[in-house]
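Residue numbers (the numbering used here), protein chains in the order written: chain A, 1 to 338; chain B, 1001 to 1277; chain C, 2001 to 2284.
Below is one structure; the comments refer to it alone.
What follows is the structure in structure tokens.
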């Protein structure tokens, strides 16, 4: 049978015609260039955005920076009416509440991660992980609402008096207990950063190869000794990254903290005392700023907050990148799909 | 010692070549690699129309790299480098100013794992080569799709499910779909990179039958790690081997019958009698 | 006499105790989740009625009224955020996936990751300086813009991951047909990655829908209906905040109801997205 390669059937293009059309059709040179510029532009846009954020914040805070210089960070007095702006109470409040959140939430998160990766049966792992991650989906303001009407009363009526009775000799647990205060702020933050730390730690633990576990068991270790002695150390970089990421989240949290921390710019040793964070003072005072200097000072606080949060987050990301490159699947980015 | 089964092979048929357009492909001192690592060195091969040329050799000998250089797919990998010439009807596809996109439109390729586009229907998969290149054959499109599917003996099996996704077929059917997709743009040369490696024996035989049909109209080059397949299907066989620097070279090339019954090079004989690879 | 093969009793106790603590930690996390959700549902249901969903806020002291304008306001703000953040985010994600090996790509990727950790109130300050100050007015656009900036890095990373997941064999098949590179991306890779991109976008939307801080001095809030982009606009989280810290019981009840609506919206998006992903995986 002779195949028709040169003569087309009536109405149907012959192979010759198809080849000619393909030879004439655009090769996409221009499309390639347009496309590359378009998406490249978007990528560069992100860089420009970050540049813009930093620049604008520096510009808007400049009057305050000029006026107070380094004293801004160590100044203890925040007095908008008198024109004195020192950010130390807020730095203190931010750091203390965040560290407290890490101290309370971190171990619970790590314990949950260990439970999820080592203890729960595989069928339940997905469901329980999803539940823990759901904690991250609840908006900050809802946590704040819950904090005001559920957590703070609980603290005031039951927890804080108990702590004072038991440990009241420590300055940590002295002073009047109103429910709202540093402890409430730390607890709420602990709940909010728990899912982050748990998810990253769980991924890091799951990435530990099984032969590590088996080797430990072969030495006669109990289950816990295997976990604590072999698995957790192997995953420690990822876990550390998770903790730092959680710290970064805690530093930047605004609404829930504002609603339960009492909002008084005073440095106190007691956990029962009210406090004030960098983010909270901006949230509370910005729309009612009494002077341009006040506004600039608040923006400078935002700048300080930005700096602290960025440094901490960059550190966390570097750590997590390190593990990702080393082959572990401890990804902390969104959309892990786990 | 030649295995008896290969001794039963008949000499290659003389293909009845009544084609007006026959396209020859020739590589001239073709070398390629990735960054510092060479993959092939100084390959000189001729692929003639109307016949199937098989390239055999152990894994790592550069067979795939070779044919990916032919349709300029190799250079898509970052750090890839190429030297030498590939002459399609006498014109070097690597000449400066030649657009690789146009080269790839003239040379079709079928891959080891069937890869129909999952977001397109069976019909759209076959038409993809034309449509994505901006060609709208209008009312003759169904005809063209029919012809391509008919050519690969898939039409009867899919004619009632043309709108279903391309992935809704069996492995062998998907591979034939990919061949149909390649044929729909009327290539001059058809390259197949281990096309039946992922398929079951029945599907493999069907595709080998198909290739014997296709060689009458195309210049067909098939890379295969399956010697028996090369012996069954091809007219000319080239044997490649990785040299001391890990770059693949052509050890021997000749009529398939001769390669498998009376190879010239000792290494060829060792390979086909199974002493290595 | 103790046999040499048994484990010392204190190690066994430690084993059970510490493993038990881990399980307890997990239990505590889930318990807190249920506690918060439980209160929101129980307290919120009490205030959730047709009145609430269809009315605007009443003046201070008057009972009744609702958050209808805030609910719509949130939808409008999210809509603006999507317009601002989605195209640039998807574009940057495609860039990172397709041209992702150079130094520029590494820098952009790192910066995007760090951007996800920037406190949202700082982004609110940025939007304030950029849009509220020059236009001398709080506006829905400024609020939506801030939310869009928050969405941007999240969408970028999820888009990059989704496009990367498209198998190389598909791209090669298209390239081998002589399709130009940009069409390989636009007509083959993107459609294949589409469900992943949409999932990432929904994830980002769920996150910004609940944001309050950046809206405090951009969208600012509004007691009445507002359809203009250049005027302040009400938003659900904002309204909840204002009501929650107020001294009025009726407003507290409405804050819970608003929380129920907000949490419902966010959970719907989060869980719905998970179901889509699961069906993707098992449906092929």
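Idealized CB from N, CA, C, for every residue including glycine.
{"Check": "Residues of the region 1107-1120 of chain B with Cβ closer than 8 Å to any Cβ of chain A, in chain order", "Outcome": "none"}
{"Check": "C-alpha gap between residue 1071 of chain B and residue 2091 of chain C, whole angstroms", "Outcome": "30 Å"}
{"Check": "Three-pair Cβ contact test at 8 Å for the region 1088-1106 of chain B versus the region 2132-2152 of chain C", "Outcome": "no"}
{"Check": "Against chain B: residues of the region 2149-2171 of chain C by CB proximity under 9 Å", "Outcome": "2167, 2169, 2170 and 2171"}
{"Check": "Exposure label - residue 220 of chain A; buried when at least 16 CB within 10 Å", "Outcome": "exposed"}
{"Check": "Residue 18 of chain A burial status per 10 Å Cβ neighbour count (16 or more: buried)", "Outcome": "buried"}
{"Check": "N-terminal and C-terminal residue of the beta strand (DSSP E) that residue 1044 of chain B is part of", "Outcome": "1037-1047"}
{"Check": "Residue 1178 of chain B to residue 1187 of chain B span [Cα, whole Å]", "Outcome": "13 Å"}
{"Check": "Same chain only: Cβ atoms within 8 Å of residue 1206 of chain B, ignoring 5 sequence neighbours per side", "Outcome": "1153, 1172 and 1176"}
{"Check": "When C:2030, C:2050, C:2163 and C:2261 are compared against residue 2065 of chain C, the one with the closest alpha-carbon", "Outcome": "C:2050"}
{"Check": "Nearest-angstrom Cα separation, counted from residue 2198 of chain C out to residue 976 of chain B", "Outcome": "Shown here, chain B extends from 1001 to 1277; a query on residue 976 of chain B therefore has no answer."}
{"Check": "Residue 1109 of chain B: first and last residue of the uninterrupted beta strand (DSSP E) it sits in", "Outcome": "1107-1110"}
{"Check": "Inter-residue Cα distance where the pair is residue 24 of chain A and residue 2164 of chain C", "Outcome": "32 Å"}
{"Check": "Cutoff 8 Å: residue 2237 of chain C Cβ touching any chain A Cβ", "Outcome": "yes"}
{"Check": "Pick from C:2094, C:2261 and C:2129 that is closest to residue 2181 of chain C, judged by C-alpha positions", "Outcome": "C:2094"}
{"Check": "Residue 165 of chain A, buried or exposed, once every other Cβ within 10 Å from all chains shown has been counted against 16", "Outcome": "exposed"}
{"Check": "Proximal residues of chain A, C-beta to C-beta of residue 2110 of chain C below 9 Å", "Outcome": "314, 317, 318 and 321"}
{"Check": "Strand pairing of residue 225 of chain A, partner residues [DSSP]", "Outcome": "None; residue 225 of chain A has no bridge partner."}
{"Check": "Terminal residues of the alpha helix (DSSP H) in which residue 1238 of chain B lies", "Outcome": "Looking at the DSSP string, residue 1238 of chain B is not in any alpha helix (DSSP H); the run it does join, the beta strand (DSSP E), is 1236-1242."}
{"Check": "Test: residue 1143 of chain B CB closer than 8 Å to a CB of chain A", "Outcome": "yes"}
{"Check": "Neighbour flag for residue 2266 of chain C against chain A, beta carbons, 8 Å", "Outcome": "yes"}
{"Check": "Chain-ordered residues of the region 2168-2192 of chain C with a beta carbon less than 9 Å from chain B", "Outcome": "2169, 2170, 2171, 2172, 2173, 2174, 2175, 2176, 2177, 2178, 2179, 2180, 2181, 2183, 2184, 2187, 2188, 2191 and 2192"}
{"Check": "Any chain C beta carbon closer than 8 Å to residue 219 of chain A", "Outcome": "no"}
{"Check": "For residue 209 of chain A, the first and last residue of its enclosing alpha helix (DSSP H)", "Outcome": "No alpha helix (DSSP H) holds residue 209 of chain A; DSSP gives it neither H nor E."}
{"Check": "Alpha carbon of residue 1084 of chain B to alpha carbon of residue 1221 of chain B, nearest angstrom", "Outcome": "19 Å"}
{"Check": "Whole alpha helix (DSSP H) elements within the region 2110-2178 of chain C, 4-residue minimum", "Outcome": "2120-2127, 2140-2164 and 2168-2176"}
{"Check": "Proximity to residue 1060 of chain B [Cα-Cα], best of B:1126, B:1189 and B:1224", "Outcome": "B:1224"}
{"Check": "Cross-chain neighbours of residue 1163 of chain B in chain C, by beta carbon under 7 Å", "Outcome": "Here the premise fails: no neighbours, minimum Cβ distance about 16 Å."}
{"Check": "Minimum Cβ-Cβ distance from residue 2284 of chain C to chain A less than 8 Å", "Outcome": "Only weak support is given to the placement of residue 2284 of chain C: the predicted model assigns it a pLDDT of 38, under 50, and the value that follows is read from those uncertain coordinates. Chain A, which has no Cβ nearer than 8 Å to the Cβ of residue 2284 of chain C, makes this no."}
{"Check": "Interface residues of chain A facing residue 1186 of chain B [CB-CB closer than 7 Å]", "Outcome": "15, 18 and 19"}
{"Check": "For residue 1082 of chain B: DSSP bridge partner residues", "Outcome": "B:1032"}
{"Check": "Between the CA atoms of residue 21 of chain A and residue 1135 of chain B - distance to the nearest angstrom", "Outcome": "7 Å"}
{"Check": "Extent of the continuous beta strand (DSSP E) to which residue 134 of chain A belongs", "Outcome": "Looking at the DSSP string, residue 134 of chain A is not in any beta strand (DSSP E); the run it does join, the alpha helix (DSSP H), is 122-134."}
{"Check": "Counted within 10 angstroms of its Cβ, other Cβ atoms place residue 192 of chain A as buried (16 or more) or exposed", "Outcome": "buried"}
{"Check": "Residue ranges of each alpha helix (DSSP H) within the region 45-114 of chain A, 4 or longer", "Outcome": "71-74 and 88-114"}
{"Check": "Sufficient close CB pairs (3 or more, under 8 Å) joining the region 78-85 of chain A to the region 2214-2234 of chain C", "Outcome": "no"}
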